[in-house]
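Residue numbers (the working numbering): 84 to 361.
Yeah, the Cβ is synthetic: ideal placement off N, Cα and C, and Gly gets one too.
For clarity, every value in this text was computed on a predicted model and none was experimentally measured.
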Ligand code: AMP
């Protein structure tokens, strides 16, 4: 496995890879969720590139950019084990050199959900992902369903800008108690870690209600809120029952729905989701 930093090094190493090339973008501090993306890319592509970049432009003021966990040596071990060929670890200066002033913005689907609470977040995500695509020129790119809105936004960007890349969405990898794996789980102490399982319990309660025939979106949101309210260490940011394509809140679920939430546990802001129906 080769590791590169500059764009020149990346381009030279990328040119040597067999195609199709699969890209796995990450912010590092890798866990089995990230590794599942790398393994899927390894199974489906002749060349596999992973990137590790804590992208400053997708963090808002007061968010956790400075404290975001990092462990490059361990990340490189995990990626090598997963069979990755090439790792690109650009610095902020490589990504955003002096004079940088060009941004990619996706409109409607970036507005609700995370967009309301994290203004500017998706502009940072789409801009950096566009740059990762331009640098690596992958035929496929692997993203986790864990970040459901990010997937919708990136699919929209790729379609709208005619990017010649297939977006592959991989299932959320969970801890045994259902907590979605996340680099941010490292912020939790033991009591908070236990409390954090409430997110998945809330999602499964709503999924059970849906399976039992509930189609009223307000009622499904209520199911989630009722479970979240039982956990004193959890503070709800939002719960949502939205159209999986437009991300607009629904009144009645006709077919499929994206059930999602953001919940503070201690200083960690945790997000999770499941899709029901269809
Ligand atoms: P991050 O490093 O948090 O930016 O995540 C990098 C990629 O890994 C994104 O496509 C995430 O959606 C994906 N990812 C993060 N956590 C998980 C998980 N628990 N299961 C599956 N994919 C994940």
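Which residues mark the beginning and the end of the alpha helix (DSSP H) in which residue i is found?
| i | result |
| --- | --- |
| residue 212 | 204 to 219 |
| residue 356 | Note, residue 356: premise wrong, no alpha helix (DSSP H); beta strand (DSSP E) at 351 to 359. |
| residue 301 | 300 to 312 |
| residue 121 | 115 to 127 |
| residue 235 | 231 to 243 |
| residue 199 | 197 to 200 |
| residue 177 | 175 to 178 |
| residue 53 | One cannot answer for residue 53 here, as it falls past the ends of the chain, which runs 84 to 361. |
| residue 91 | 90 to 98 |
| residue 157 | 155 to 164 |
Can you tell me the Cβ-Cβ gap for residue i and residue j, rounded? I've got them flagged as a contact below 8 Å.
| i | j | result |
| --- | --- | --- |
| residue 280 | residue 262 | 5 Å |
| residue 119 | residue 324 | Contact doesn't hold; Cβ gap of about 27 Å is too wide. |
| residue 135 | residue 172 | 5 Å |
| residue 340 | residue 278 | Contact flag wrong, Cβ pair sits at about 26 Å. |
| residue 137 | residue 151 | 5 Å |
| residue 162 | residue 121 | 6 Å |
| residue 84 | residue 167 | 6 Å |
| residue 346 | residue 353 | 5 Å |
Does any heavy atom of the ligand AMP sit closer than 8 Å to the C-beta of residue i?
| i | result |
| --- | --- |
| residue 147 | no |
| residue 346 | no |
| residue 254 | yes |
| residue 257 | yes |
| residue 225 | yes |
| residue 119 | yes |
| residue 108 | yes |
| residue 269 | no |
| residue 112 | yes |
| residue 263 | yes |
| residue 232 | no |
| residue 238 | no |
| residue 343 | no |
| residue 143 | no |
| residue 116 | yes |
| residue 214 | no |
| residue 266 | yes |
| residue 229 | yes |
When the Cα of residue i is compared with those of the options, which residue comes out closest?
| i | options | result |
| --- | --- | --- |
| residue 148 | 139, 245, 154, 278 | 139 |
| residue 105 | 142, 353, 244, 250 | 250 |
| residue 241 | 230, 255, 217 | 217 |
| residue 363 | 341, 295, 351 | An answer regarding residue 363 cannot be provided, because it is not within the stretch 84 to 361 covered by the chain. |
| residue 205 | 215, 187, 220, 91 | 187 |
| residue 195 | 223, 144, 344, 348 | 344 |
| residue 131 | 155, 144, 102, 293 | 102 |
| residue 114 | 212, 258, 100, 239 | 258 |
| residue 334 | 96, 163, 305, 200 | 305 |
| residue 286 | 229, 109, 245 | 229 |
| residue 356 | 309, 256, 314 | 256 |
| residue 332 | 212, 346, 299 | 299 |
| residue 246 | 346, 282, 224, 293 | 224 |
| residue 108 | 309, 234, 92, 198 | 234 |
| residue 87 | 219, 144, 210, 164 | 219 |
| residue 142 | 184, 189, 197, 185 | 197 |
| residue 153 | 124, 111, 126 | 111 |
Per DSSP, which one or two residues make a beta bridge with residue i?
| i | result |
| --- | --- |
| residue 279 | None, per the DSSP bridge assignment. |
| residue 347 | 318, 352 |
| residue 108 | 134 |
| residue 226 | 252 |
| residue 169 | 85, 132 |
| residue 332 | 325 |
| residue 342 | 324, 357 |
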